[in-house]
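Peer 1:
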Amino acid sequence: MNPPSRGFHTHAPGFWPEATDAEWNDWRWQLRHRITSLEQAEQHLRLTPDEREGLLLTRHKLAFAITPHYFNLIEPDNPDCPIRRQVIPRAGEAVITSGEMADPCGEDSHMPVPGLVHRYPDRVLFLVTDRCASYCRYCTRSRVVSGVGEQELETDFEAVYEYLAAHTEVRDVLLSGGDALLLSDDKLRKILSRLRALPHIEFLRIGSRVPIFLPQRITPELCNMLKEFHPLWMSVHVNHPRELTTEVRDALGRLADAGIPLGNQSVLLAGVNDNPDTMRALIHRLLCCRVRPYYLYQCDLIHGSAHLRTSVAKGLEIIESLRGHTTGYAVPQYVIDAPGGGGKVPVSPGYVVYHDKEKVVLRNYEGRIFEYPEKPGDTSAVVRPEAILEY
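The number in our numbering is simply the position in the sequence shown, starting from 1, with 473 added.
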């Protein structure tokens with residue numbers, strides 16, 4: 474049974490009226506017909522000088538590509554369209570401001586073999602491709618993704634499998650890139666099979682924007698194949714409620730029906746989702762798609778991202794507008810990926826007003842103050858900052 478239809482719409486065929494239903498629903502057709510050049514973009518959009526200059530930059534920086542499905546979501550005459558801001562380059566991408574880095578999460582320094590990031594004791598990040606269905610302009614791996622960045626991704630698959638076989642402390646593998654779901658079913662099955670053959674690997678995850686950029690890729694055949702490798706979880710990436718079309722809703726439904734738990738990772742972006750109303754609409758619609766809002770990221774300090782970043786204060790304001798005012802399942806954890814490789818650090822509004830060995834003074838979502846007594850005689854009752862580090 475599909476979730477409620479209110480708020481979900483299809484935008485097909487949009488700019489592709491000549492496409493048949495069979496073509497439109499074929500994910501390979503979608504990839505072949507991506508918008509990839511300035512000339513194609515300006516056939517359909519009224520580009521600003523800033524965007525035009527940004528598109529010229531893509532020949533030397535992160536590539537430009539947008540699937541027909543996602544391109545149809547762009548408002549052609551509105552340069553402030555929140556979908557447009559995510560995928561249409563701007564001249565600001567060439568401006569490197571203070572603090573920005575090519576590798577803000579410090580992945581390269583934690584790569585024991587090419588293509589495998591091992592930063593935390595029991596889990597690893599496995600970069601299986603450098604290609605995506607469409608390219609986000611705030612990509613934290615723009616240095617290696619798309620083939621025109623500063624570096625090349627040269628994953629040594631056999632070396633990765635050998636490393637994992639030798640490191641039995643690893644129990645959790647996250648497939649990313651690029652986007653693992655762009656691989657064929659057979660290639661993806663081979664990777665998952667090799668990982669599942671290692672007895673100490675308990676948990677597999679896939680991080681993907683394909684269900685949003687290319688929902689046609691989420692075929693029944695793909696879902697049936699993924700079911701072979703449970704427990705397998707998936708993190709998707711939705712930033713704005715308009716991205717949740719009927720096609721995306723149905724693709725997410727197929728994944729959920731296959732028993733794959735779904736979480737969403739949003740990035741806080743200026744002019745996209747940096748206000749409480751937009752974020753509330755997004756998280757409510759995600760729940761209707763059986764996706765739990767998981768993380769809200771502060772935008773990484775990637776080169777040329779200043780025009781898309783917001784203040785941390787804005788992120789705290791949004792979280793405070795949600796906590797206590799909507800379903801607990803709907804409230805994501807706001808995190809900053811500590812620059813240089815420090816991992817994800819949760820950032821929350823100040824709900825603990827005071828804490829000593831006798832009591833904790835708390836502020837609730839209404840601003841009311843409450844006291845909770847500490848356990849008598851517990852000498853460990855002190856205030857200390859904690860960082861829960863996860864991929």
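Yeah, the Cβ is synthetic: ideal placement off N, Cα and C, and Gly gets one too.
Considering only the alpha carbon of each residue, which of VAL820, ARG841, TYR845, GLY823 lies closest to LYS832?
Peer 2: The option with the nearest alpha carbon to LYS832 is TYR845.
Peer 1: Distance check for SER681 and LEU759, CA to CA, integer angstroms please.
Peer 2: Cα to Cα, the separation comes out at about 15 Å.
Peer 1: For a test of the three-state rule: what should DSSP assign to ILE842, helix, strand or coil?
Peer 2: If DSSP states are grouped into helix, strand and coil, ILE842 belongs with the strands.
Peer 1: On the DSSP letters alone, give me the boundaries of the alpha helix (DSSP H) that ILE685 sits inside.
Peer 2: ILE685 -> alpha helix (DSSP H) spans 683-686.
Peer 1: Would you report the Cα separation of ASN498 and GLN689, rounded to the nearest angstrom?
Peer 2: Roughly 6 Å between the two C-alpha positions.
Peer 1: When you compare the region 523-543 with the region 593-610, are there three or more beta-carbon pairs, one atom per stretch, that lie closer than 8 Å?
Peer 2: The region 523-543, when compared against the region 593-610, does touch it at the 8 Å Cβ threshold.
Peer 1: Would you kindly check if the distance between the Cβ of ARG715 and the Cβ of LEU518 is under 8 Å?
Peer 2: No; because the gap between Cβ atoms is not below 8 Å, this pair is not in contact.
Peer 1: Considering Cα atoms alone, identify which of PHE843, GLY814, ALA653 is closest to VAL825.
Peer 2: Closest by alpha carbon: PHE843.
Peer 1: Taking only three categories from DSSP, how would you classify ASN737?
Peer 2: Reduced to three states, the DSSP call for ASN737 is strand.
Peer 1: DSSP three-state label for ASP810, please.
Peer 2: DSSP places ASP810 in strand when its eight states are reduced to three.
Peer 1: Checking 8 Å against the spacing of the C-beta atoms, do CYS772 and LEU742 come in under that value?
Peer 2: Against a cut-off of 8 Å, the Cβ pair of LEU742 and CYS772 comes out as a contact.
Peer 1: PRO522: which of PRO562, ALA495, TRP502 sits nearest, CA to CA?
Peer 2: The residue with the shortest Cα to Cα distance from PRO522 is PRO562.
Peer 1: Identify every run of the alpha helix (DSSP H) within the region 726-785, keeping only runs that are complete inside it and at least 4 residues long; order them along the chain.
Peer 2: Entirely contained in the region 726-785, the alpha helix (DSSP H) runs reaching 4 residues are, in chain order, 749-761.
Peer 1: Would you check if the region 583-596 and the region 613-620 touch, i.e. whether three or more CB-CB distances between them fall below 8 Å?
Peer 2: The region 613-620 vs the region 583-596: no contact.
Peer 1: Can you tell me whether PRO562 sits near the ligand ZN, meaning its C-beta is under 7 Å from at least one heavy atom of the ligand?
Peer 2: The ligand ZN is not part of the structure shown, which contains no ligands of any sort.
Peer 1: Mind checking whether ILE674 and LEU665 have CB atoms under 8 Å apart?
Peer 2: Going by C-beta atoms, ILE674 is not nearer than 8 Å to LEU665.
Peer 1: If we count the other Cβ atoms within 10 Å of its Cβ and call it buried at 16 or more, is GLY650 buried or exposed?
Peer 2: The residue is buried, with at least 16 neighbouring Cβ atoms inside 10 Å.
Peer 1: Tell me whether VAL826 sits in a helix, a strand or coil according to DSSP, three-state version.
Peer 2: Correct three-state label for VAL826: strand.
Peer 1: Can you tell me whether SER778 is buried or exposed? The criterion is at least 16 other CB atoms within 10 Å of its CB, across all chains shown.
Peer 2: Classification for SER778: buried.
Peer 1: Going by beta-carbon coordinates alone, are ALA567 and LEU530 separated by less than 8 Å?
Peer 2: Yes, they are a contact pair.
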